[in-house]
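Residue numbers (our numbering), protein chains in the order written: chain A, 379 to 628; chain B, 379 to 628; chain C, 379 to 628; chain D, 379 to 628; chain E, 379 to 628.
We treat Cβ as the ideally placed atom computed from N, Cα and C, and that holds for glycine.
In this text, all values refer to a predicted model and were calculated from it rather than measured experimentally.
First up is the structure itself, then whatever we jot down about it.
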Amino acid sequence: MSAPETLEGWFALHDLRRFDGAAWDRMPAPDREKAAAEARDLIADAEALTDGGIGLSITYEMVGHKADLMMIHLRPDMTQLHDLEQGFDRSMVGSCTSRVYSYLSVIEVSRHAAPQGTGSNVEDSPYIQARLYPELPENSRFVCFYPMSKRRQGDDNWYLLGGSERAELMRAHGRTGRRYAGKVTQVVTGSMGLDDWEWGVTLFSDDPLQFKKLVYEMRFDDVSARFAEFGPFFVGKRLVPEGVGRWFGG
Amino acid sequence: MSAPETLEGWFALHDLRRFDGAAWDRMPAPDREKAAAEARDLIADAEALTDGGIGLSITYEMVGHKADLMMIHLRPDMTQLHDLEQGFDRSMVGSCTSRVYSYLSVIEVSRHAAPQGTGSNVEDSPYIQARLYPELPENSRFVCFYPMSKRRQGDDNWYLLGGSERAELMRAHGRTGRRYAGKVTQVVTGSMGLDDWEWGVTLFSDDPLQFKKLVYEMRFDDVSARFAEFGPFFVGKRLVPEGVGRWFGG
Amino acid sequence: MSAPETLEGWFALHDLRRFDGAAWDRMPAPDREKAAAEARDLIADAEALTDGGIGLSITYEMVGHKADLMMIHLRPDMTQLHDLEQGFDRSMVGSCTSRVYSYLSVIEVSRHAAPQGTGSNVEDSPYIQARLYPELPENSRFVCFYPMSKRRQGDDNWYLLGGSERAELMRAHGRTGRRYAGKVTQVVTGSMGLDDWEWGVTLFSDDPLQFKKLVYEMRFDDVSARFAEFGPFFVGKRLVPEGVGRWFGG
Amino acid sequence: MSAPETLEGWFALHDLRRFDGAAWDRMPAPDREKAAAEARDLIADAEALTDGGIGLSITYEMVGHKADLMMIHLRPDMTQLHDLEQGFDRSMVGSCTSRVYSYLSVIEVSRHAAPQGTGSNVEDSPYIQARLYPELPENSRFVCFYPMSKRRQGDDNWYLLGGSERAELMRAHGRTGRRYAGKVTQVVTGSMGLDDWEWGVTLFSDDPLQFKKLVYEMRFDDVSARFAEFGPFFVGKRLVPEGVGRWFGG
Amino acid sequence: MSAPETLEGWFALHDLRRFDGAAWDRMPAPDREKAAAEARDLIADAEALTDGGIGLSITYEMVGHKADLMMIHLRPDMTQLHDLEQGFDRSMVGSCTSRVYSYLSVIEVSRHAAPQGTGSNVEDSPYIQARLYPELPENSRFVCFYPMSKRRQGDDNWYLLGGSERAELMRAHGRTGRRYAGKVTQVVTGSMGLDDWEWGVTLFSDDPLQFKKLVYEMRFDDVSARFAEFGPFFVGKRLVPEGVGRWFGG
């Protein structure tokens with residue numbers, strides 16, 4: 379069985395952290411002010427690409443106990459992701475946050491995703507380029523991130539299906555997704571060889587109810603019903619750089 | 379297979395916390411008094427909706443090691459849930475509690491749940507409105523909360539059943555539930571795309587034995603026997619706002 | 379499939395704690411003495427039912443890393459269980475112990491367990507009453523506690539069996555248990571709707587080898603071989619109230 | 379299906395601990411010296427049975443992050459195991475170690491393991507006695523410990539096999555084991571009713587490569603291939619009592 | 379079913395650690411400088427084999443929350459691995475790092491891997507020797523490590539396949555791997571009897587996208603699709619000894 383061809387764009391790091399209020403309170407007040415300003419600058423610089431690099435960064439405050447903060451970084455080189463993660467970790471607020479989850483992946487687009495008639499240089503088509511190096515809807519109020527894998531279990535083994543059967547199942551799945559065009563933006567990143575699940579799914583919307591509607595509807599697609607295994611779901615709301623200082627209480 | 383249509387009401391956050399007695403004891407006595415009063419006010423304000431908002435909040439002290447406190451918040455906007463969670467977390471008692479579990483979901487009612495003859499505007503029927511924006515039995519002495527999913531495993535795959543088979547199984551399940559009318563109040567919230575399981579079930583009763591009777595009886599319904607996967611069960615007793623100060627030892 | 383009828387007696391809380399020796403050592407010596415005396419009094423009072431209530435309490439020191447102390451409380455009202463748990467947690471030794479496990483359940487007897495010829499008021503028969511409100515063998519030297527569920531998996535789904543098949547399997551299982559009469563006392567508590575497994579099994583014996591013999595032999599009963607899923611096993615030895623002060627090093 | 383008859387010898391506790399270097403460093407230097415000497419004495423006394431008891435104790439320093447120290451104790455009475463565990467836990471080094479794993483079991487020999495012609499008093503045969511109350515190869519340089527269970531899953535259910543089929547599978551397995559005679563010593567302990575897996579396997583060898591060779595070869599025996607479920611594997615090297623003081627840095 | 383013959387080379391320890399920035403910050407500045415220099419020397423000595431031993435050591439800084447540092451050590455004797463681990467653990471930086479994962483294994487080559495015509499002394503062939511005692515591509519910028527097992531589940535039981543079927547499946551798998559020659563270097567270590575999974579896979583590349591491409595393509599090989607179970611994936615970038623001091627902030 380040969381693997382379907384994929385194209386890859388930016389590397390992605392989802393960096394999820396918990397805020398340690400007790401550690402923060404132990405910091406002297408002037409240090410807290412400096413620490414909050416430093417965190418704000420780090421996040422603002424990452425989002426504004428002030429180092430002249432390319433890519434995208436975007437930050438969320440999370441709902442529920444699983445994490446308090448999620449920074450999503452997209453960059454051409456994995457080293458840059460590591461530098462951003464380490465830079466935050468070793469800043470003054472670093473010891474007041476702990477990394478409770480992270481996800482390393484790379485934007486992935488199926489070669490078959492290109493529109494008909496694209497010709498042989500699929501990767502050069504504007505459609506594919508826009509998906510490999512996307513603009514994230516940074517003004518969307520809410521985000522949902524979850525990792526997932528395709529099932530390999532008894533008769534429900536995705537990787538033993540024929541290529542055309544897999545393609546047909548994915549097309550039906552795609553049709554469900556497209557019904558949410560304009561309401562939910564979806565970015566799929568591949569993570570085999572990079573992290574514990576096979577893909578990461580990141581959804582952006584102004585209305586978090588659409589996350590539920592979309593995932594619920596897809597669950598009845600055969601590809602999800604029979605073949606999807608889901609990791610944890612993380613939901614949050616946009617935290618713009620100007621809000622970071624206040625968020626840290628600075 | 380198309381997904382059954384659902385209607386959604388308030389968003390729900392179950393916020394479960396453990397009390398850290400050692401951290402509390404390290405706080406100076408006057409601070410403890412202020413912290414307990416602040417916690418009482420936060421909880422009383424949330425329950426009384428003193429901000430003029432709509433929704434419901436209700437608080438429980440939990441039995442067993444899994445959590446000590448559970449606050450259930452229902453609000454129209456997910457941002458409000460986040461504000462309530464963060465407000466408590468950043469209050470003086472915040473560093474004396476840790477969030478050990480949480481559950482993010484939204485009240486969900488099947489469009490088919492409406493009584494016959496409701497007409498086309500199902501969502502406007504008083505019956506459906508009362509389920510989407512329920513009054514919780516805040517005087518019930520006990521609560522039971524657990525998340526669950528429908529199984530997708532080999533021959534027992536809920537999402538591959540036909541719609542009429544699913545409907546029939548749910549009707550039988552509903553009949554079991556109705557035998558507990560007057561003894562147990564049940565609120566079902568949907569959490570696909572929002573949290574790790576597919577639904578949350580919250581039961582209210584003056585008699586915790588009814589939680590056992592109801593769940594036990596339902597386990598023999600085909601829909602539970604073949605298709606239900608259960609998460610952790612949390613059981614607690616009502617903690618009214620006037621009791622919060624004492625609960626924190628203030 | 380209708381559920382078998384059950385009768386319920388006292389609620390049960392298994393409260394398992396780890397002792398934090400470092401926290402204990404940090405306490406000033408006079409406080410340690412007071413704390414140990416307070417713990418001894420709390421446990422002695424619970425066991426002696428000095429509040430005039432009814433029920434039973436019994437305490438064990440545990441073998442292995444999973445827990446150091448297990449208090450089993452049986453009471454008619456779940457609120458009493460919560461009060462006992464919270465009273466210990468908020469005593470001076472509370473911050474030197476952490477609750478590492480707990481189990482909330484209720485003593486359960488099948489209506490069919492009554493001897494033949496009991497008549498219609500099964501629950502009033504002395505035999506059933508003695509099982510619903512049992513005397514625990516408080517002088518037994520050892521205890522074994524484990525939670526368990528019945529399997530619902532593919533062809534091995536307990537809840538899809540016919541009632542007579544389930545009854546026959548349970549009868550064979552009961553015969554194995556009765557061979558240990560006089561050597562092992564067994565109390566079964568139901569926990570659906572109350573905790574994460576479906577039942578708790580508590581065994582008492584003067585000879586811990588009998589725990590192994592009994593569980594080993596039962597594993598070959600069809601009901602265990604095909605249908606039992608087991609949680610963690612906890613084993614301990616009796617800690618009488620007079621020994622509690624010394625146990626805490628007071 | 380009736381259970382095969384087994385004979386039991388000494389109870390066994392595998393006590394696995396992590397060393398907390400930071401806690402150790404916080405101890406004043408003279409205390410550290412006293413603590414290390416006390417730990418050495420506790421371990422030397424246990425190994426030398428200076429209390430006049432019978433049994434065996436043997437200590438290892440472990441490789442990898444799962445544990446730093448493993449003490450194996452064999453004694454006729456479970457109370458003695460508890461005393462040894464608690465004695466170490468409450469010694470001065472106790473607060474510099476945490477118990478990260480433990481395993482409670484009892485040496486088990488199948489009644490059928492006796493050589494032909496042993497007669498009716500199988501348990502009195504010298505062969506069986508030597509296996510129930512073994513001498514451990516205390517000079518072997520390396521140890522491997524892992525718990526395991528027999529599978530009860532679909533068509534691969536060990537406990538539903540006929541007795542003669544089980545016996546044949548075990549005989550083949552035994553032949554594999556005997557090919558390692560002289561290179562690996564194996565002690566099997568039963569833990570149903572005592573701990574979370576069904577058996578513990580402890581291997582001793584001067585050459586840790588033999589652990590890999592033995593377990594690898596056995597994996598292809600039908601009894602392992604179809605029926606074995608494995609817990610964590612712990613590997614360590616012998617720490618003689620004279621080395622304990624240095625190990626703790628005393 | 380007899381086990382395929384394998385040859386073994388050096389033992390391997392993957393030692394993964396998290397850096398505790400708060401503990402580091404609490405250290406006095408002069409101590410931090412000494413600690414960083416000591417860590418640099420330990421790592422430089424291990425990599426340079428300054429003790430005159432043989433083997434290989436190589437260090438990475440990791441991406442994501444699972445670990446911050448990974449040291450891979452290859453040595454002929456497991457005791458040397460333990461000494462390296464313990465030496466680092468008990469150095470000044472030891473209390474500022476915690477071991478969050480580790481993996482103990484031994485380099486393994488199938489006897490059938492030797493080229494045709496090697497003759498009877500397979501283990502002496504230069505090809506096999508170079509695989510048993512490999513030179514790691516220490517200048518490769520990135521590493522990927524993950525443990526895995528072969529599935530033993532229902533009809534998908536690797537250990538019940540015939541030897542020739544297993545060999546054919548592995549050959550196809552090998553062909554996929556060879557397509558990455560020059561782009562990815564792969565070292566396979568066996569860990570049955572030594573750690574919790576059956577094998578460790580360590581990949582080296584200058585381009586981390588190749589990890590994804592290789593693992594993705596292999597997932598469609600029957601041997602992975604039907605039989606592979608994967609543990610956690612760890613990805614990092616090379617940290618040369620000269621960089622260690624700076625990495626610790628010294």
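8 angstroms Cβ shell around Asp-600 of chain A - same chain, five flanking residues per side excluded: Hits under 8 angstroms: Leu-547 and Ala-550.
DSSP bridge partner residues for Arg-530 of chain C (one or two, in chain order): C:Asn-535
Paired residues, beta bridge with Gly-623 of chain E - DSSP: In DSSP, Gly-623 of chain E forms no bridge with anything.
N-terminal and C-terminal residue of the beta strand (DSSP E) that Met-456 of chain D is part of: According to the DSSP assignment, Met-456 of chain D belongs to no beta strand (DSSP E) but to the alpha helix (DSSP H) extending over 456-467.
Closer than 7 angstroms to chain E by CB, Ser-480 of chain A: It does; some Cβ of chain E falls within 7 angstroms.
Inter-residue spacing [alpha-carbon to alpha-carbon] between Ser-435 of chain E and Ile-450 of chain E: 6 angstroms
Beta-carbon gap between Gly-442 of chain E and Leu-447 of chain A smaller than 7 angstroms: no
CB of Leu-452 of chain E within 7 angstroms of CB of Trp-388 of chain E, strictly: yes
Chain B within 7 angstroms of His-629 of chain C, Cβ atoms only: The shown model of chain C, from 379 to 628, leaves out residue 629 of chain C, and the question about it has no answer.
Beta-bridge partners of Lys-615 of chain E, as assigned by DSSP: E:Glu-439 and E:Phe-520
Within 9 angstroms of chain A by C-beta, residues of the region 561-587 of chain B in sequence order: Gly-568, Ser-569, Met-570, Gly-571, Leu-572, Asp-573, Asp-574 and Glu-576
Distance, Leu-514 of chain A Cα to Phe-466 of chain C Cα: In this structure, the straight-line span from the alpha carbon of Phe-466 of chain C to that of Leu-514 of chain A is close to 52 angstroms.
Selected residue, minimal CA-CA separation from Val-622 of chain C, among C:Ala-401, C:Ala-407 and C:Asp-423: Out of C:Ala-401, C:Ala-407 and C:Asp-423, C:Asp-423 has the C-alpha closest to the C-alpha of Val-622 of chain C.
Cα-Cα separation between Ser-602 of chain C and Phe-605 of chain D, rounded to whole angstroms: 16 angstroms
Nearest-angstrom Cα separation, counted from Pro-382 of chain E out to Gly-532 of chain A: 26 angstroms
Contacts of Ala-381 of chain A in chain E (Cβ-Cβ under 8 angstroms): Tyr-594, Glu-595, Arg-597 and Phe-598
7 angstroms Cβ cutoff, Met-456 of chain C in contact with chain B: Cβ-Cβ to chain B under 7 angstroms: yes for Met-456 of chain C.
Beta-bridge pairing of Glu-607 of chain C - partner residues as DSSP gives them: C:Ser-527
N-terminal and C-terminal residue of the alpha helix (DSSP H) that Met-596 of chain B is part of: 587-597
Test: Ser-473 of chain C CB closer than 7 angstroms to a CB of chain B: For Ser-473 of chain C, the answer is yes, since a Cβ of chain B falls inside 7 angstroms of its Cβ.
Any chain B beta carbon closer than 7 angstroms to Tyr-524 of chain C: no
Selection of the region 427-451 of chain E by Cβ proximity to chain A, strictly under 9 angstroms: Glu-439, Met-440, Val-441, Gly-442, His-443, Lys-444 and Asp-446
Contact with chain A by Lys-528 of chain E, beta-carbon distance below 7 angstroms: no
Cα-Cα separation between Ala-545 of chain E and Arg-489 of chain E, rounded to whole angstroms: The alpha-carbon atoms of Ala-545 of chain E and Arg-489 of chain E are separated by roughly 12 angstroms.
First and last residue of the uninterrupted beta strand (DSSP E) at Met-548 of chain A: From DSSP, Met-548 of chain A is part of no beta strand (DSSP E) but of the alpha helix (DSSP H) over 541-556.
Within-7 angstroms CB hit, Arg-604 of chain A to chain E: no
Proximity winner among A:Gly-472, A:Thr-457 and A:Ala-390, relative to Ala-401 of chain A (alpha-carbon distances): A:Gly-472
At least 3 beta-carbon pairs within less than 8 angstroms: the region 587-596 of chain E vs the region 570-581 of chain A: yes
CB contact check: Glu-386 of chain C to chain B, cutoff 7 angstroms: yes
Where Leu-629 of chain A falls, given that 16 or more other Cβ within 10 Å makes a residue buried: The requested residue 629 of chain A is not part of the displayed model; chain A covers only 379 to 628.
Within chain B, the residues that Tyr-537 of chain C reaches when beta carbons sit closer than 9 angstroms: Arg-597, Phe-598, Asp-599, Asp-600, Ser-602, Ala-603 and Arg-604
Nearest-angstrom Cα separation, counted from Ala-407 of chain D out to Ala-414 of chain D: In this model, Ala-414 of chain D and Ala-407 of chain D are separated by some 11 angstroms (Cα to Cα).
Contact set for Ser-527 of chain C: own chain, Cβ-Cβ below 6 angstroms, skip 5 residues either direction: Trp-575, Glu-576 and Glu-607
C-beta contact flag for Thr-554 of chain B and Val-565 of chain B at 7 angstroms: Thr-554 of chain B places its beta carbon 7 angstroms or farther from that of Val-565 of chain B.
Limits of the alpha helix (DSSP H) - the one that Trp-575 of chain A falls within: Trp-575 of chain A -> no alpha helix (DSSP H), and no H or E assigned at all.
Whole-Å CB distance - Arg-557 of chain C paired with Thr-475 of chain C, under 8 angstroms assumed: So it is not a contact: roughly 38 angstroms between Cβ atoms.
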